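Asker:
Protein chains in written order, with our numbering: chain A, 44 to 233; chain B, 158 to 496.
#1: Given 8 Å as the limit, tell me if residue 481 (chain B) has its C-beta closer than that to any heavy atom belonging to the ligand GDP.
#2: By DSSP, does residue 457 (chain B) sit in helix, in strand, or in coil?
#3: Where do the ends of the beta strand (DSSP E) carrying residue 239 (chain B) lie?
#4: Count the C-beta pairs between the stretch 108 to 116 of chain A and the stretch 374 to 393 of chain B that are closer than 8 Å, then say yes if the count reaches three, no if not.
#5: Quick one: list the residues of chain A neighbouring residue 284 (chain B), beta-carbon separation under 7 Å, in chain order.
#6: Using beta carbons (cut-off 9 Å, strictly below), is residue 273 (chain B) in contact with chain A?
#7: Along chain A, which residues have their Cβ under 8 Å away from the Cβ of residue 368 (chain B)?
#8: Compute the beta-carbon to beta-carbon distance between residue 355 (chain B) and residue 74 (chain A), rounded to the nearest angstrom, for a pair I have assumed lies under 8 Å.
#9: Residues of chain B with CB under 8 Å from residue 103 (chain A), in chain order?
#10: What residues of chain B sit near residue 109 (chain A), judged by a beta carbon separation below 7 Å?
#11: What residue range is occupied by the uninterrupted alpha helix (DSSP H) comprising residue 374 (chain B)?
#12: Is it right to say residue 413 (chain B) is buried, meaning 16 or more other beta carbons lie within 10 angstroms of its own, or is it exposed?
#13: Against residue 60 (chain A), what residues of chain B qualify as contacts under a CB-to-CB distance less than 9 Å, listed in chain order?
#14: From residue 268 (chain B) to residue 431 (chain B), what distance separates their C-alpha atoms?
#15: Return the CA-CA distance between residue 349 (chain B) and residue 110 (chain A), expressed in angstroms with no decimal places.
#16: Roughly how many angstroms lie between the CA atoms of residue 142 (chain A) and residue 170 (chain A), to the nearest whole one?
#17: At the level of alpha carbons, what is the spacing between residue 319 (chain B) and residue 411 (chain B)?
#18: Residue 471 (chain B): which of B:317, B:420, B:370 sits nearest, CA to CA?
#19: Span of the alpha helix (DSSP H) holding residue 397 (chain B)?
#20: Roughly how many angstroms separate the alpha carbons of residue 288 (chain B) and residue 97 (chain A), rounded to a whole number?
#21: By Cβ distance below 8 Å, which residues in the same chain neighbour residue 364 (chain B) in space, the five residues on each side in sequence not counted?
#22: By the criterion of Cβ-Cβ separation under 8 Å, what are the contact partners of residue 255 (chain B) in chain A?
#23: Anything in the stretch 63 to 78 of chain A with a Cβ closer than 9 Å to a Cβ of chain B? List those residues in chain order, please.
#24: Determine, using beta carbons only, whether residue 92 (chain A) comes closer than 9 Å to chain B.
#25: Whose C-beta lies closer than 8 Å to the C-beta of residue 154 (chain A) among residues of the same chain, with five residues either side of it excluded?
#26: Check the DSSP bridge columns for residue 371 (chain B) and list the partner residues they point to.
#27: Is there at least one Cβ from chain A nearer than 9 Å to residue 288 (chain B)'s Cβ?
#28: Taking the Cβ atom as the reference point for each residue, do residue 128 (chain A) and residue 274 (chain B) lie within a distance shorter than 9 Å?
#29: Keeping to the same chain, check which residues put their C-beta closer than 6 Å to that of residue 435 (chain B); ignore five residues upstream and five downstream.
#30: Check whether the Cβ atoms of residue 199 (chain A) and residue 213 (chain A) sit closer than 9 Å, and answer yes or no.
#31: So, using beta-carbon positions, are residue 68 (chain A) and residue 336 (chain B) closer together than 9 Å?
#32: In terms of residues, what are the limits of the beta strand (DSSP E) holding residue 340 (chain B)?
#33: Give a yes or no on whether the minimum CB-CB distance between residue 429 (chain B) and chain A is below 9 Å.
#34: Would you say residue 425 (chain B) lies against chain A (beta-carbon separation less than 9 Å)?
#35: For residue 328 (chain B), count neighbouring Cβ atoms within 10 angstroms of its own Cβ and tell me buried if that reaches 16, exposed if not.
#36: Which ranges would you report for the alpha helix (DSSP H) in the stretch 147 to 209 of chain A if only whole runs of at least 4 residues count?
This is how it looks when you write it as structure tokens:
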């Protein structure tokens, strides 16, 4: 193959390959110049265009991957935060319900206590009032009886002052007083 | 006749100044940060508009004149020597190779500039090309070798593509002078010069050899070429031994095919581009009026051929590398871009 190349490049003129090379204008200097030129262009192309572009593309891919990973993480975090929020909300609701229930129970208990206390107080007051009324009534009755007995005795005395003797009068007074005393006892019992 | 030819040369030389402005104006605009804006003017006015119009008209006139001069003459299979520097021959193919090489570097640099995470339009174009080629080549050469082979393979693709397309620019094969009654043009498409395509083939085979030796080693490569690929457990000893000789013979044929890759790679590319040059040249010379619109479809064909040939050359080199270095386990995995 190297022989062929040498022939193409014209080092071995006279052969068919050399004639072919001459016909197509193939020369060693031009061949080397073209090789150098292509290698130089390819190197510059790679060094200043392809490599930086590939680096940028790679960097972009990395950024996109990072971005997607970050988005995934954020999504997971958001889901977790949402879950936590719901849990907290649920717990708060439960707490609030429990608090409400306990407050309600406490209120009812307090209300019942207050009601009971009020009822007791009312009954106590009623009892006191009744006792007071009873006492007052019995005092009034006693006073009224005394008054009535006095009046009766006086009236009777006046009526009978002319008819009855002193002995009869004293006897009647005793009987009336005894009767009144008996009635008074019955009235108190009633 | 001589007078007419002389006038053509004058036209050519007169057009070169405007032609130069035409080609340099967009390059200047790339390096100009912002077009100049007049105070109080609603629209931006670029300073190269005038030279572009003048240049375009000059190119048009020039191409028509040059086509007249050149059309109908078969394109020479070898490049013209325009001069020499210290014994080094400067051919029209070499000159144009240098011009386009410089243009490739400038254009790609202008496109890419300093790559950013949020790409500019130019960077997006460059990234797309790089990604497409990388994803195309990775299953062929294997993920492991792709990192090593990619720089040279993308170089082949971009270089061949730009050189092929640049052969269609106005002025290529039409700007020149008459020497001893023969039209000598200054710019010849690089790949219509066998020196260039042979150089590419040599570089490709050197790359192939380097990658094979680096990844498989000398013994591995010999085993791959001459070794018995049959499964011992599935065959009887006799057939297995017989297959040794078969695979040895196949290895020798493989060696010949490897040696001829230089010829096939270089002549395929050269033949396609040179053929395209001849095709357009002859279409222009069919009749006096055919040079105006008839070549247009063939220009589109040449644009297509330019891409196909760049891709074919790159893919073939990748296949040659992958046939020895890719062991199949990575074929289905699509590579990720990494430096």
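The beta carbon of each residue, even a glycine, is placed where N, CA and C say it ideally should be.
Since this is a predicted model, take the numbers as computed values, not measurements.
Answerer: Checking against the coordinates, here is how it stands:
#1: Judged by which ligands are present, the structure shown has none, so any question about the ligand GDP falls away.
#2: The DSSP-derived three-state label of residue 457 (chain B) is helix.
#3: Annotation for residue 239 (chain B): the continuous beta strand (DSSP E) segment containing it runs 238 to 242.
#4: As far as the Cβ criterion goes, the stretch 108 to 116 of chain A does not touch the stretch 374 to 393 of chain B, which means the pair count is below three.
#5: The CB of residue 284 (chain B) comes closer than 7 Å to the CB of 96, 100 in chain A, given here in chain order.
#6: Interface residue, yes.
#7: By Cβ distance, chain A contributes nothing, its closest Cβ being about 15 Å from residue 368 (chain B), past 8 Å.
#8: Here residue 355 (chain B) really is in contact with residue 74 (chain A); their C-beta atoms are around 6 Å apart, less than 8 Å.
#9: Here the neighbours are 274.
#10: Chain B residues near residue 109 (chain A): none, gap ~12 Å exceeds 7 Å.
#11: Residue 374 (chain B) -> alpha helix (DSSP H) spans 374 to 383.
#12: Exposed, because fewer than 16 other Cβ atoms sit within 10 Å of the Cβ of residue 413 (chain B).
#13: Result: empty, since nearest Cβ-Cβ is about 10 Å, beyond 9 Å.
#14: Take the alpha-carbon of residue 268 (chain B) and the one of residue 431 (chain B): they are about 30 Å apart.
#15: Rounded to the nearest angstrom, the two C-alpha atoms are 50 Å apart.
#16: A straight line joining the alpha-carbon of residue 142 (chain A) with that of residue 170 (chain A) spans about 40 Å.
#17: Cα atoms of residue 319 (chain B) and residue 411 (chain B): separation of roughly 32 Å, rounded to the nearest angstrom.
#18: That would be B:317, whose Cα lies nearest to the Cα of residue 471 (chain B).
#19: That run of the alpha helix (DSSP H) goes 394 to 441.
#20: Those two C-alpha atoms are separated by around 9 Å.
#21: Result list for residue 364 (chain B): 306, 309, 474, 478, in chain order.
#22: 80, listed in chain order.
#23: So the list reads 64, 65, 66, 67, 68, 69, 70, 72, 73, 74, 75, 76, 77, 78, given in the order they occur along the chain.
#24: Flagged as an interface residue toward chain B: residue 92 (chain A), by a C-beta distance shorter than 9 Å.
#25: There are no such residues.
#26: DSSP, once it has assigned bridges, lists no residue as partnering residue 371 (chain B).
#27: Yes, its Cβ sits closer than 9 Å to a Cβ of chain A.
#28: No, the pair does not count as a contact, with Cβ atoms beyond the cut-off.
#29: Cβ within range, chain order: 232.
#30: Not a contact, by the Cβ cut-off of 9 Å.
#31: Not closer than 9 Å, so no.
#32: Note, residue 340 (chain B): beta strand (DSSP E), 339 to 342.
#33: Judged by the 9 Å Cβ criterion, residue 429 (chain B) is not in contact with chain A.
#34: Cβ-Cβ to chain A under 9 Å: no for residue 425 (chain B).
#35: Buried.
#36: Counting whole runs of 4 or more residues, the stretch 147 to 209 of chain A contains no alpha helix (DSSP H) stretch at all.
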